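There are 2 protein chains.
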Amino acid sequence: MTSTPDGAGLRVDAERNRQRVVAAAREAFAELGIEVPMEEIARRAGVGVGTLYRRFPTRADLIAAAFEAKMRAQAEAARQAVEDPDPWRAFCSYVEQMCAMQAGDRGFTTVLTMTFPTAKRFEADRERAYADFAALVERAKAAGKLRADFVTEDLPIFLMANAGVLAATADAAPEAWRRLVGYLIQACAAPAAQPLPDAPAPRQLYRALLRATHPQRDRAPAKQ
Amino acid sequence: MTSTPDGAGLRVDAERNRQRVVAAAREAFAELGIEVPMEEIARRAGVGVGTLYRRFPTRADLIAAAFEAKMRAQAEAARQAVEDPDPWRAFCSYVEQMCAMQAGDRGFTTVLTMTFPTAKRFEADRERAYADFAALVERAKAAGKLRADFVTEDLPIFLMANAGVLAATADAAPEAWRRLVGYLIQACAAPAAQPLPDAPAPRQLYRALLRATHPQRDRAPAKQ
DNA sequence: CAGCAAGTGGACGCCACCCTCCACTTGCTC
DNA sequence: GAGCAAGTGGAGGGTGGCGTCCACTTGCTG
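In order, the protein sequences belong to chains A and B.
First residue of the first sequence? That's 0 in numbering that gives the first Met the number 0, and the numbers climb one at a time after it.
First residue of the second sequence? That's 0 in numbering that gives the first Met the number 0, and the numbers climb one at a time after it.
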């Protein structure tokens with residue numbers, strides 16, 4: 000019996016290749032996004048595509064392996080923010096950190112605002128981070144610093160917005176996202192100037208996160 | 000000598016087909032985005048791809064034809080906002096209208112935050128709208144309603160952000176974008192709570208708008 | 001109503017990417 | 001060091017989009 004979820008139990012050469020693939024994937028995803036051709040990753044890793052598919056039968060498997068560490072780091076950031084004694088600074092710095100992580104990695108930008116059916120591995124970190132963020136929100140509201148109508152669902156919205164700016168400006172204006180985040184953070188400050196439109200229901204938002212990498216494929220109503 | 004920029008001078012059947020193609024393109028772009036396969040558009044129009052390419056040799060040509068009216072409508076909205084006697088309401092309603100137009104049309108979302116080398120046709124409207132928007136900004140600042148550090152380059156950033164939310168939520172949470180816009184508008188209200196990170200330079204932003212539909216193709220550094 | 005330029009559509013060649021399959025190589029075990 | 005399960009890589013079949021080309025059709029002109 001070989002091959003546990005990760006590399007343990009593999010032959011040493013196989014394990015070495017596996018790690019090369021993951022490293023290449025991290026690099027390629029960061030640079031080119033999670034839709035980068037599998038062949039590009041194999042090329043960077045110096046292995047054949049066959050090898051890559053043997054170890055990671057689907058793209059989602061590879062994504063899970065490539066971003067596991069970053070997902071944990073992300074959850075860690077939430078945990079650290081909770082430990083910050085200043086509620087408002089904690090809130091701001093967490094939001095900023097998330098956005099900064101997006102700015103540094105095209106692939107992570109997508110992964111943060113998307114959930115993969117397969118990637119159960121991410122769920123634990125996601126939930127941990129979610130709980131910590133909820134705590135941050137409560138604390139900042141209690142301190143009178145965060146507007147009372149802020150809801151946790153707003154964070155994913157901010158991240159999606161940031162993703163949009165990054166997608167458009169990454170190469171030409173790599174600092175533009177900071178401007179957006181500046182506006183958003185300031186808009187979060189108490190007191191609420193005006194009521195806001197309703198936030199999407201958690202279920203809706205969850206469905207939005209679930210959207211597959213490729214929105215929809217088939218589509219041939221055969222008009223006429 | 001036939002075929003002026005638009006349909007004049009074409010044989011009547013050809014002109015009818017041309018219009019069908021444009022109508023089909025509008026529909027398909029709105030629904031599926033500007034990357035929809037040419038074949039899908041031809042199918043919807045009930046013509047062969049050959050006919051489509053004869054009239055619109057490149058996708059950009061078709062995009063230009065399909066969105067000409069909306070671009071004009073967009074510029075018109077700016078003009079109307081300028082005529083609103085209330086400076087702040089004018090500013091807000093223009094920003095909201097732009098975002099709403101994005102929400103209603105996947106293709107337009109992209110077109111609004113992108114400029115096509117070929118699409119000289121859009122430039123006039125874009126510049127007209129830009130000038131009007133600059134006037135809105137000045138007026139709202141003068142009235143003490145818009146924060147002094149707002150710059151016109153912020154509008155494209157907002158639109159890119161909105162595009163990101165729309166891309167992620169369009170199907171599952173179609174109202175989520177309103178929440179984002181709510182935050183953004185309120186963040187624009189005077190006085191500036193905190194300084195903002197610098198806005199990108201106009202030139203940078205222009206380069207960002209120019210990014211091709213397909214970010215970059217070739218790419219084979221042949222590592223090793 | 002004849003003649004022809006204009007117009008048509010879809011088959012086709014091309015290319016990028018996906019993923020599988022299998023003849024060959026290689027580490028590990030005894 | 002022999003034997004073999006594990007591992008390898010890349011050729012190749014499948015799919016889907018692009019854009020061209022050309023034999024056929026059709027409106028227009030005289």
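Glycine is no exception: its CB is placed at the ideal position from the N, C-alpha and C atoms.
On a predicted model such as this, the values are computed, not experimentally measured, just so you know.
Residue i, DSSP secondary structure in three states
| i | result |
| --- | --- |
| residue 135 of chain A | helix |
| residue 195 of chain B | coil |
| residue 112 of chain B | coil |
| residue 55 of chain B | coil |
| residue 26 of chain B | helix |
| residue 174 of chain B | coil |
| residue 201 of chain A | helix |
| residue 163 of chain B | helix |
| residue 210 of chain A | coil |
| residue 155 of chain A | helix |
| residue 81 of chain B | helix |
| residue 86 of chain B | helix |
| residue 169 of chain A | coil |
| residue 33 of chain A | coil |
| residue 71 of chain A | helix |
| residue 1 of chain A | Confidence at residue 1 of chain A is low in this model, with a pLDDT of 41, below 50, so its placement is unreliable and no value can be given for it. |
| residue 49 of chain B | helix |
| residue 60 of chain B | helix |
| residue 104 of chain A | coil |
| residue 9 of chain B | coil |
| residue 118 of chain A | coil |
| residue 94 of chain A | helix |
| residue 150 of chain A | coil |
Cβ of residue i within 7 Å of any chain A Cβ
| i | result |
| --- | --- |
| residue 94 of chain B | no |
| residue 109 of chain B | no |
| residue 50 of chain B | no |
| residue 190 of chain B | no |
| residue 151 of chain B | no |
| residue 175 of chain B | yes |
| residue 62 of chain B | no |
| residue 114 of chain B | no |
| residue 193 of chain B | yes |
| residue 33 of chain B | no |
| residue 133 of chain B | no |
Neighbour flag for residue i against chain B, beta carbons, 7 Å
| i | result |
| --- | --- |
| residue 59 of chain A | no |
| residue 19 of chain A | no |
| residue 183 of chain A | yes |
| residue 163 of chain A | yes |
| residue 159 of chain A | yes |
| residue 203 of chain A | yes |
| residue 36 of chain A | no |
| residue 9 of chain A | no |
Through-space distance from residue j to residue i, alpha-carbon basis
| i | j | result |
| --- | --- | --- |
| residue 101 of chain B | residue 18 of chain A | 43 Å |
| residue 137 of chain B | residue 151 of chain B | 10 Å |
| residue 22 of chain A | residue 44 of chain A | 8 Å |
| residue 90 of chain A | residue 153 of chain A | 13 Å |
| residue 174 of chain A | residue 98 of chain B | 22 Å |
| residue 20 of chain A | residue 25 of chain B | 43 Å |
| residue 246 of chain A | residue 119 of chain A | Nothing can be reported for residue 246 of chain A, as the shown portion of chain A is limited to 0 through 223. |
| residue 159 of chain B | residue 13 of chain B | 38 Å |
| residue 204 of chain A | residue 84 of chain A | 31 Å |
| residue 55 of chain A | residue 39 of chain A | 15 Å |
| residue 165 of chain B | residue 176 of chain B | 6 Å |
| residue 219 of chain A | residue 69 of chain B | Note on residue 219 of chain A: pLDDT 30, under 50, position unreliable in the model; the coordinate value appears next. Their Cα atoms are separated by approximately 27 Å. |
| residue 62 of chain A | residue 182 of chain B | 32 Å |
| residue 134 of chain A | residue 207 of chain B | 37 Å |
| residue 114 of chain A | residue 210 of chain A | 8 Å |
| residue 180 of chain A | residue 47 of chain B | 47 Å |
| residue 128 of chain B | residue 87 of chain A | 39 Å |
| residue 125 of chain B | residue 126 of chain A | 44 Å |
| residue 143 of chain A | residue 186 of chain B | 18 Å |
| residue 112 of chain B | residue 71 of chain B | 15 Å |
| residue 194 of chain B | residue 77 of chain B | 28 Å |
| residue 140 of chain B | residue 161 of chain A | 26 Å |
| residue 147 of chain B | residue 190 of chain B | 7 Å |
| residue 64 of chain A | residue 169 of chain A | 25 Å |
| residue 16 of chain A | residue 9 of chain A | 10 Å |
| residue 42 of chain A | residue 34 of chain A | 15 Å |
Beta-bridge partners of residue i, as assigned by DSSP
| i | result |
| --- | --- |
| residue 145 of chain A | A:188 |
Proximity test, residue i beta-carbon vs the ligand MN heavy atom, cut-off 6 Å
| i | result |
| --- | --- |
| residue 167 of chain A | The ligand MN is absent from the structure shown, which contains no ligands of any kind. |
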